[in-house]
Every structure is written in structure tokens, then in C-alpha cells.
Amino acid sequence: MEVDRADGRAPNQRRPVACTRGILHRAHGSASWAQGDTKVIAAVYGPKAGTRKNENPEKACIEVIWKPKTGQSGKPEREYEMVMKKTLQSICLLNVHPNTTTSIIIQVVNDDGALLPCAINAACAALVDAGTPLKHLAIAICCCMSENGQILLDPSKIEEQKVKSFVYLVFPNSIASVLPEGSLKSRGEITEHGILTSVTHGVMTVDDYFSCLKLGRPAAAELSDFIRNNLKLKPGNDSSKAA
Amino acid sequence: MRNRYEGWEQPLFSLIDPSSRERKMVGSANGATDLSSEMEVDAFRRLFPLRFHERHLLESVRPDARSLGKARETSLALGAVASADGSALAKIGCTTMLAAIKMEVMTPSKEAPDEGCVAIDFHMPPICSPIVRPGRPAEAAPVVSKQLSDTIISSGMIDLKELSLVSGKAAWMAYLDIYCLDADGALFDAALLAAAAAFSHLQIPVVSLNDDGRIVVVSKENGEKAKNKPVNEEKRKLKLRSIPFALSCILHKNYILADPTAEEESIMDTLITIVLDTSCQLVSLYKPGGPALAYESVLQDCIALSRQRVKELQKILNEAILDMDVD
Numbered sequence: 001m002e003v004d005r006a007d008g009r010a011p012n013q014r015r016p017v018a019c020t021r022g023i024l025h026r027a028h029g030s031a032s033w034a035q036g037d038t039k040v041i042a043a044v045y046g047p048k049a050g051t052r053k054n055e056n057p058e059k060a061c062i063e064v065i066w067k068p069k070t071g072q073s074g075k076p077e078r079e080y081e082m083v084m085k086k087t088l089q090s091i092c093l094l095n096v097h098p099n100t101t102t103s104i105i106i107q108v109v110n111d112d113g114a115l116l117p118c119a120i121n122a123a124c125a126a127l128v129d130a131g132t133p134l135k136h137l138a139i140a141i142c143c144c145m146s147e148n149g150q151i152l153l154d155p156s157k158i159e160e161q162k163v164k165s166f167v168y169l170v171f172p173n174s175i176a177s178v179l180p181e182g183s184l185k186s187r188g189e190i191t192e193h194g195i196l197t198s199v200t201h202g203v204m205t206v207d208d209y210f211s212c213l214k215l216g217r218p219a220a221a222e223l224s225d226f227i228r229n230n231l232k233l234k235p236g237n238d239s240s241k242a243a
Numbered sequence: 001m002r003n004r005y006e007g008w009e010q011p012l013f014s015l016i017d018p019s020s021r022e023r024k025m026v027g028s029a030n031g032a033t034d035l036s037s038e039m040e041v042d043a044f045r046r047l048f049p050l051r052f053h054e055r056h057l058l059e060s061v062r063p064d065a066r067s068l069g070k071a072r073e074t075s076l077a078l079g080a081v082a083s084a085d086g087s088a089l090a091k092i093g094c095t096t097m098l099a100a101i102k103m104e105v106m107t108p109s110k111e112a113p114d115e116g117c118v119a120i121d122f123h124m125p126p127i128c129s130p131i132v133r134p135g136r137p138a139e140a141a142p143v144v145s146k147q148l149s150d151t152i153i154s155s156g157m158i159d160l161k162e163l164s165l166v167s168g169k170a171a172w173m174a175y176l177d178i179y180c181l182d183a184d185g186a187l188f189d190a191a192l193l194a195a196a197a198a199f200s201h202l203q204i205p206v207v208s209l210n211d212d213g214r215i216v217v218v219s220k221e222n223g224e225k226a227k228n229k230p231v232n233e234e235k236r237k238l239k240l241r242s243i244p245f246a247l248s249c250i251l252h253k254n255y256i257l258a259d260p261t262a263e264e265e266s267i268m269d270t271l272i273t274i275v276l277d278t279s280c281q282l283v284s285l286y287k288p289g290g291p292a293l294a295y296e297s298v299l300q301d302c303i304a305l306s307r308q309r310v311k312e313l314q315k316i317l318n319e320a321i322l323d324m325d326v327d
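Keeping their order, the protein sequence lines are chains Y and H.
Residues in the first sequence are numbered consecutively from 1, following UniProt numbering.
Residues in the second sequence are numbered consecutively from 1, following UniProt numbering.
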């Protein structure tokens with residue numbers, strides 16, 4: 001296949017991923033996540049007592065605070081906060097700690113494309129580090145459609161600006177089941193093929209969207225294995241955390 | 001004590017009168033162990049909102065008597081704001097949006113010397129919903145605002161080159177403001193419809209170059225006196241290409257509910273918004289989280305619903321434009 005990406009990657013090749021947990025001393029949970037040159041640090045504080053106004057006190061409340069690399073946060077940051085809040089709310093077990101608030105602070109260190117997926121992955125790792133009860137993990141990836149109809153995975157900033165449209169997709173992680181039939185199914189479809197979150201930008205055909213899904217799924221499965229291994233590797237160093 | 005609850009105890013008669021329509025609807029899907037047979041409909045609705053809705057869904061009907069895939073009645077009125085250059089009032093059910101465009105002359109940026117600019121803002125004043133308090137802006141407002149500008153600009157509906165007046169010197173800046181007057185669900189759908197209608201109603205003011213080489217607006221009164229020829233006599237209307245239309249759906253268990261009301265949105269969390277343009281290209285597929293997962297078959301169903309909706313909305317928009325031309 002012809003390769004025409006600036007960094008010589010194949011169209012369906014991700015950038016190398018790095019994840020470190022427990023990097024902040026005072027936070028209840030923290031993680032840094034890097035995809036190529038995009039890097040995000042996430043910190044989790046909580047559960048703290050009480051929920052904010054207009055939130056349901058019978059459930060735990062998730063609050064996301066997005067700090068951009070420079071400048072003040074504006075509309076795009078508000079939108080990222082909302083998308084992340086809703087995504088993380090749907091993977092957390094909200095009934096375990098009712099009437100509490102868990103704050104997730106996202107600090108962008110460097111933006112080189114696929115920023116929101118990178119932040120979602122970082123937040124997920126930080127939640128695991130904090131020991132927040134979760135249903136499953138969220139695996140976020142970015143696909144984009146280039147002008148010549150090729151689908152590229154995990155674009156860099158320059159690629160993101162050049163292409164006509166891109167899609168952020170979040171899937172549940174693949175479940176390593178002890179049952180012989182393997183993955184859980186609902187309505188005859190495999191759970192990890194369901195979309196948790198989808199955000200698109202730019203015009204594309206409906207078929208293009210579904211080809212993005214097709215390319216995204218194996219990539220998400222790969223990433224899911226990476227996270228699983230990464231989480232196994234490191235024993236929790238809870239003793240060092242502030243009480 | 002009695003007096004205080006009188007407001008929502010009003011359909012008490014339904015207990016006595018078995019022919020009441022509302023009562024029948026809940027009674028028909030009755031389980032034996034359920035409280036619903038001993039309780040008034042309104043009390044049941046407040047105490048067990050989720051069960052109230054699920055009971056309706058079993059019968060493939062919604063509390064407002066719509067079928068699951070049907071959108072609410074939609075109306076559109078162009079030219080609602082006389083002082084604006086283009087305006088529209090869109091209503092989807094009770095959700096009401098007022099959009100208005102103000103044109104101003106600006107100096108285009110160096111990067112794009114022959115392009116104009118569009119600035120979109122979405123406002124949720126306290127009048128629109130009990131959730132919005134005066135003083136602090138609604139959480140949803142900046143998100144809808146960002147979504148609107150992304151959708152309108154990336155859909156290519158407006159050719160920014162058409163907004164240019166003198167290359168590198170002057171271009172139009174279109175300020176589009178959308179006010180939500182009544183927030184009863186599907187805010188983005190109504191706001192996008194109002195925005196598209198306002199752009200199709202837009203009349204660009206006539207301007208001319210004065211002696212100092214500045215752009216001035218030619219007003220109607222002194223139009224004949226002006227010595228200088230107008231710059232943009234022939235292009236007063238924007239050519240809109242492939243207008244985007246949105247449909248929001250709620251995913252709940254196996255059900256897909258098109259065009260939800262605020263009540264439905266607050267009870268069932270998973271919202272998915274699909275924006276298609278008139279040539280059925282996908283402009284946006286927006287699903288921010290939610291407990292229900294969107295499988296491919298569900299997505300196909302939602303897209304099919306939006307395709308139908310695009311046709312409906314296109315017809316409504318065309319009729320509104322025709323009505324305007326007749327007047």
C-alpha cells in the first residue's frame with residue numbers, strides 16, 4: 001500500500017503510546033498519556049462530599065475541568081469538558097458513592113492531534129489509578145478521511161488540519177471473559193463494538209463513517225490490550241498518596 | 001395539606017371515571033403487582049418517571065401521543081426581527097428558537113483576503129427553562145454554540161467568498177445570534193433550523209465606496225442622492241449550498257425515540273444527534289456518552305430516521321421561503 005503520511009506510518013498505524021500512572025503525589029489518582037507528541041496529564045480528586053447544583057444527589061457526580069496548554073479556556077474547552085463528563089459518567093458505577101463529586105482535571109501538555117481521545121484515555125487510566133469503581137474502560141481513538149478518500153488512523157496536528165473530516169470514537173474495552181463463549185453480547189452484537197461516544201467534524205458520506213468504524217475497532221482492541229497490560233504491570237502505590 | 005397539592009391532583013376524577021383516556025393508556029399495559037392501578041396518572045408520572053415512560057414505549061407510543069420515530073410539529077416564520085438583516089423563528093413542538101443575523105463590514109484577515117466571516121452565538125436566557133438561573137450561564141449553551149458553528153462552517157452551506165466586498169479591503173462579518181425562548185428538548189435541532197432559515201432570509205445591505213475609499217451603507221432615503229455606485233447591487237442574497245438539518249434521538253434499551261422533549265431527555269440519558277445535508281452527506285454524528293451503546297444497526301436506523309426528517313424539514317423551509325416571497 002502506498003504510504004503518503006509525513007511520518008512514514010501506514011494508514012492504519014497508530015503512533016506509539018505511553019502511559020504512566022501515579023505521577024502526581026497529592027492527587028488521589030493520576031496518569032499521563034502520550035500518543036506520539038500529544039501528551040495529556042489527568043488527575044482525579046474525590047469522591048468529595050456533596051454534588052453540585054442541578055445534579056442528581058442520588059448518584060455520584062463527575063466533574064471534568066479542562067486546562068488548555070496556554071491561555072484561558074473557551075468554548076472548545078467547554079465542549080471537551082461536556083463530552084468527557086458524559087463519557088466518563090457512563091463508564092463509572094455512579095450508585096456506589098451517591099451524593100459525592102469526583103473531579104477530573106485534564107492538563108494538556110502538548111497538542112499534536114487527536115487531543116480529545118488522548119485526554120479520555122488519560123482520564124480513564126487516572127480513574128483506575130484512583131480506584132474509582134468502573135463498569136469497564138473507555139478506549140478512544142481518532143480516524144480521519146483524507147482528500148483522496150483514504151482513512152488515516154490517529155492523525156497528527158498537521159494531518160488533522162489538512163484532511164476534510166475526522167471522527168473521534170470511544171468504544172468500551174474488550175472484555176477478557178472467563179466464560180467459554182468469550183465477549184458479552186447484547187442484541188446479537190458484541191458489546192465492544194458499541195459506540196460510547198462519537199464526535200465528528202467535517203462532511204463525509206455515511207459509508208465513510210462506517211468504514212471509519214471498521215478501521216477503528218481493531219485499533220481500539222489493540223489499545224485495549226495495551227491498557228490491560230499496562231494496568232497489570234504496576235502495583236498500586238497507594239501508600240504514597242495523600243490521605 | 002390538601003390545598004398545596006391541588007395543582008397536580010387535578011385529574012382525580014380519572015380514579016372515578018374509568019373512561020378517561022389517560023387512565024386507559026396506563027391501565028392497558030398493567031402488571032398485577034404494580035402500583036399504577038391504584039394511583040393517578042400524574043402521581044405515577046412524577047414518582048416513577050422511568051416506568052411511566054417505559055410503559056408507554058411497550059405500547060409504541062409516547063406520552064404526547066406520538067409514535068416513537070415521529071418528530072413534533074415544526075413551524076418556521078421568516079423575518080421575525082424587523083431590525084435584523086435576516087431572521088427566523090423556528091418551533092419544534094414547544095422548543096422555540098429565534099435567530100437573527102446582523103451584517104457588519106470588516107477588514108478581512110491577511111490569510112484569507114477574499115473571504116468574509118461568520119460568528120455564531122447561542123444564548124439561553126433564564127426565560128427558557130427552570131434550570132437556567134440568571135447570572136450564571138447555562139452549561140449547555142457554550143456546547144450548543146460550538147456545535148452550531150462547527151456544523152454550519154464545516155457543512156459548507158455558506159461560501160465565505162460570497163461575503164467578500166473588496167478583496168483584501170472589505171468583507172462582511174455576519175453575526176448570527178440564536179436565542180432559545182423555550183427549551184423543551186432537541187435544542188440543537190431547533191437552533192440549526194432557525195440558523196439555516198435566517199441565512200436563507202438574509203438580505204445583504206447595499207453599500208458603496210465613498211470618496212475617502214471607505215465602505216458606507218446606502219440607506220433607502222438617501223439612496224438616490226448618493227453619487228457613488230453601489231458595490232454589491234447584484235449580490236444581495238447568499239447562495240446556500242446543501243443546507244444541514246439535524247435530528248436528535250434518544251437511545252433507551254431497544255427503543256429509538258426521535259425528537260425528544262425535555263422531560264424525555266432528563267429521564268433517558270443517551271442522546272445522539274445526526275446532521276445530514278440535503279444531499280444526504282453526513283455532516284455530524286454526535287453522541288456524547290450515555291449508558292446505551294450505539295451499535296451499527298442502531299446507527300443505521302437513526303440515519304434512516306434523519307433522512308426522512310431532512311425531507312420534511314426541507315419542505316417546511318421551502319414553504320416558509322415561498323410564503324415570504326408572496327408577501
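The beta-carbon is built from N, C-alpha and C at its ideal position, and this holds for glycine as well.
Every value quoted in this text rests on a predicted model; they were computed, and no experiment measured them.
Item, Value
"Within a Cβ cutoff of 7 Å, which residues of the same chain sit near C128/H, ignoring the five residues on either side of it in sequence?", "C180, L181, D182, A183"
"Between L213/Y and C118/Y, what straight-line distance do the alpha-carbon atoms span, to the nearest angstrom?", "18 Å"
"Is the separation between the beta-carbon of G290/H and that of K85/Y shorter than 8 Å?", "no"
"For the beta strand (DSSP E) that contains K48/Y, what are its first and last residues?", "38 to 49"
"Mind checking T197/Y: buried by the 16 CB within 10 Å criterion, or exposed?", "buried"
"Using a Cβ-Cβ distance under 8 Å, would L322/H count as near chain Y?", "no"
"Looking at the strands, I want to know which residues DSSP matches up with K102/H.", "Y175/H"
"Please report how far the alpha carbon of R46/H lies from the alpha carbon of T96/H, in whole angstroms.", "25 Å"
"First and last residue of the beta strand (DSSP E) that includes S248/H?", "244 to 252"
"Go through its chain and collect everything with a Cβ distance to I243/H's Cβ below 6 Å, but skip five positions before and after it.", "M157, A196, T278"
"Thinking C-alpha only, which one of L192/H, R236/H, M103/H is nearest M173/H?", "M103/H"
"Looking at the strands, I want to know which residues DSSP matches up with H123/H.", "Y179/H"
"Quick one: Cα of F188/H to Cα of G93/H, how far?", "14 Å"
"Going by DSSP, what residue range makes up the alpha helix (DSSP H) through C118/Y?", "115 to 130"
"Please report the Cβ distance between T101/Y and V44/Y, rounded to the nearest whole angstrom; I am assuming they are in contact, meaning their Cβ atoms lie under 8 Å.", "That pair is no contact at about 11 Å."
"Pull up the distance between the alpha-carbon of I250/H and that of I91/Y, whole angstroms please.", "18 Å"
"Report the neighbours of K287/H on chain Y: residues whose CB is nearer than 7 Å to its CB, in chain order.", "I195, T197, S198"
"Please report the residue range of the beta strand (DSSP E) in which S65/Y lies.", "The identity of residue 65/Y in the sequence shown is Ile, whereas the question assumes Ser. Segment 61 to 67, the beta strand (DSSP E) holding I65/Y."
"With burial defined as no fewer than 16 other Cβ atoms inside 10 Å of the residue's Cβ, what is the status of residue 278/Y: buried or exposed?", "What the structure shows of chain Y is the stretch from 1 to 243, and residue 278/Y is not part of that stretch, so it cannot be assessed."
"What does L213/Y touch in chain H if you count any residue whose Cβ is under 9 Å from its own?", "E296, L299"
"Does any residue of chain H have a CB that is nearer than 8 Å to the CB of H201/Y?", "yes"
"Below 9 Å on C-beta distance, what does K75/Y contact in chain H?", "P142, V143, S145, K146, S149"
"Rounded to the nearest angstrom, what separates I62/Y and L88/Y at their Cα positions?", "8 Å"
"For the beta strand (DSSP E) that M277/H lies in, which residues bound it at each end?", "One detail in the question is off: residue 277/H reads as Asp in this sequence, not Met. 270 to 277 is the span of the beta strand (DSSP E), which, as asked, contains D277/H."
"Does the segment 73 to 82 of chain H come within contact of the segment 161 to 168 of chain H, defined as at least 3 CB pairs closer than 8 Å?", "no"
"So if I threshold CB-CB distances at 7 Å, which residues from the UniProt domain \"Exoribonuclease phosphorolytic\" (14 to 133) of chain Y count as touching chain H?", "N54, K75, P76, R78, E79, M82, V83, K86, T87, Q89, S90"
"Within 8 Å, do at least three Cβ pairs link the segment 302 to 316 of chain H to the segment 220 to 231 of chain Y?", "no"
"Counting only beta-carbon atoms, is Q314/H nearer than 8 Å to chain Y?", "no"
"According to DSSP, what are the bridge partners of Q35/Y?", "V17/Y, T38/Y"
"Could you have a look at I321/H and say whether DSSP puts it in helix, strand or coil?", "helix"
"Verify whether the separation of the beta carbon atoms of N210/H and V218/H is less than 8 Å.", "no"
"Classify A73/H as buried or exposed, calling it buried when 16 or more other Cβ atoms lie within 10 Å of its own Cβ.", "For clarity, residue 73/H is Glu in the given sequence; the question names Ala instead. By the 10 Å Cβ count, E73/H comes out exposed."
"Which residues share a DSSP beta bridge with N110/Y?", "K39/Y"
"Where does Y209/Y sit, in a helix, a strand or coil, going by DSSP?", "helix"
"Is DSSP giving S164/H helix, strand or coil here?", "strand"
"Between P134/H, M106/H, Q281/H, which has its C-alpha nearest residue 332/H's C-alpha?", "What the structure shows of chain H is the stretch from 1 to 327, and residue 332/H is not part of that stretch, so it cannot be assessed."
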